[in-house]
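Residue numbers (full-length UniProt numbering): 1 to 486.
(1) So, helix, strand or coil for residue 396, using DSSP?
(2) Just verifying my parser: in three-state terms, what is the DSSP assignment at residue 229?
(3) My output table needs one value for residue 481: the three-state DSSP class, helix, strand or coil.
(4) Tell me the rounded alpha-carbon separation between residue 362 and residue 375.
(5) Taking the alpha carbon of residue 429 as the reference point, which residue from 391, 377, 333 and 127 has its own alpha carbon closest?
(6) What residues in its chain sit with their C-beta under 8 Å from that of residue 114, if we drop five residues either side in the sequence?
(7) How big is the Cα-Cα spacing for residue 197 and residue 236?
(8) The ligand MN and residue 221: does any heavy atom of the ligand fall closer than 6 Å to the residue's C-beta?
(9) Where residue 156 and residue 425 are concerned, what is the direct C-alpha to C-alpha distance, given to the nearest angstrom?
(10) What is the DSSP secondary structure of residue 242, reduced to helix, strand or coil?
(11) Quick check on DSSP: helix, strand or coil for residue 280?
(12) Going by C-alpha to C-alpha distance, which of 154, 251 and 175 sits closest to residue 288?
(13) CB residue 277 to CB residue 74, shorter than 7 Å?
(14) Which partner residues does residue 155 have in the DSSP bridge list?
(15) Could you check the C-alpha separation between residue 409 and residue 421 for me, to the nearest Å?
(16) Are the beta-carbon atoms of residue 303 and residue 439 separated by less than 7 Å?
(17) Output the distance between the C-alpha atoms of residue 337 and residue 81, rounded to the nearest integer angstrom.
(18) What does DSSP give as the partner residues of residue 406 in its beta bridges?
(19) Counting along the chain, where does the beta strand (DSSP E) carrying residue 332 start and finish?
(20) Would you call the stretch 193-211 and the stretch 134-148 in contact, with 3 or more CB pairs under 8 Å?
(21) Does the separation of the CB atoms of residue 377 and residue 393 fall below 7 Å?
(22) One question on the structure: do residue 76 and residue 332 come within less than 7 Å of each other, judged by their Cβ atoms?
(23) In whole angstroms, what separates the C-alpha of residue 89 from that of residue 311?
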């Protein structure tokens, strides 16, 4: 056999080397190293109004840690709570469903016979399935029976209060309500009693300590940390360290401590080297309880507050921070809701969606800075058991005539005592252009009959799907709440 000439052999070897190198490069390009799933921290405040942060206009106190979060991330100015009351709002956040689809409404009391159905899949369950550690520290309010508590709804760890901390023997209406003692819940078991305002003043600090400890203990794997602070819902209370720290009185002191709490948790993320791979979301469950006067927050100029279907009841602050992913220093005015948190977080974490129908939409593209997309253009304002009080498409909002709460015309209370309000005020129908009239003061139905007709069609879709107590209609796609086992 004749030998291959040296020059030719070198050419052959070079070609083989290049081909091999090309295959290696091709293989590397086609199979990049998998990215580490992000951690998620979700703050959910209680009765915090749109105007209660210094970045949204608060006066006589400051919220520097939250202002910093807004500067380092995106502030969404058109973000709505799913319903303007505690339990309903929380059910929607964790399931991505309108709460009336789940058969839940209002604020569940102690020993409630119903709760969030264990058949519903929560965000915690979806992330736990994905390999996340899941922890919750704060207010639950989705049923205080053991079968409904967080440990049965996807959370590995829980320490908090089972419902609003005004549901205790010191409630002004205790003679009629007969509330039992209020206790912390540790996992599934009752913990120490919260007996008075001095004990209540430890709530924010205790939750902060638990949340920081959770981060330290789970820093080596992805985690979902849910921090639903019970405050600034009344009764207001703060630790000795923060008393008298603001010119706004006890409300300002409470907000100062809550801002400190956020700062402690954010600092822990940095100290553990987790800051750049953590998605942090800060929102509230509904607007302020305005008849508490100096113990209530601010709706930021929007009409009414908690317990109403006007913007003051639904419009809440929304701050989102994720360095290198969510643009810093940005303000977005696109319509978003608490319903949309679940599908969005599931997407960025690589988790699946619930098997049953949900109402939330995925806004990851907008979150990452694509302002050309509009993930959501309509919303249903339900309240009471299942009353469709308003619908919205884009910036147009159609309010239907209904009996409801109003704070207008009543002098607010002082010193922790509520002023009068009514639940039976005859709310008039009206069409509002929220671009020009965010205070919902000018009914323009006569000027825009075509808009009214379009929104009426949307309302009919809602009634067929979810029902409407105002019209005595039953929806076709409403599910049952969980019921206490007999």
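Backbone N, C-alpha and C fix where the C-beta goes; we use that ideal spot for every residue, glycine too.
Reading from the atomic positions:
(1) Correct three-state label for residue 396: strand.
(2) In the structure shown, residue 229 sits in coil (DSSP, three-state: anything other than H, G, I, E or B).
(3) Residue state, collapsed to three classes: coil.
(4) Roughly 7 Å separates the two Cα atoms.
(5) Out of 391, 377, 333 and 127, 391 has the C-alpha closest to the C-alpha of residue 429.
(6) Non-local C-beta neighbours of residue 114 in its own chain, meaning closer than 8 Å and more than five positions away in sequence, comprise 103, 104, 108, 143, 481, 482, 483 and 484, ordered along the chain.
(7) Spanning the two alpha carbons is a distance of roughly 8 Å.
(8) The ligand MN is absent from the structure shown, which contains no ligand whatsoever.
(9) Taking C-alpha positions only, residue 156 is separated from residue 425 by approximately 44 Å.
(10) DSSP places residue 242 in helix when its eight states are reduced to three.
(11) In the three-state scheme derived from DSSP, where H, G and I count as helix and E and B as strand, residue 280 is classed as strand.
(12) Relative to residue 288, the option among 154, 251 and 175 whose CA is nearest is 251.
(13) The beta carbons of residue 277 and residue 74 sit no closer together than 7 Å.
(14) BP columns for residue 155 are empty, so no partner.
(15) Roughly 9 Å separates the two Cα atoms.
(16) Yes, the Cβ-Cβ distance between residue 303 and residue 439 is below 7 Å.
(17) Those two C-alpha atoms are separated by around 6 Å.
(18) Per DSSP, 422.
(19) That run of the beta strand (DSSP E) goes 330-332.
(20) Taking 8 Å as the limit for Cβ pairs, the verdict is that the stretch 134-148 does touch the stretch 193-211.
(21) Yes; because the gap between Cβ atoms is below 7 Å, this pair is in contact.
(22) For residue 76 and residue 332, yes; Cβs fall inside 7 Å.
(23) Residue 89 and residue 311: Cα-Cα distance of roughly 15 Å.
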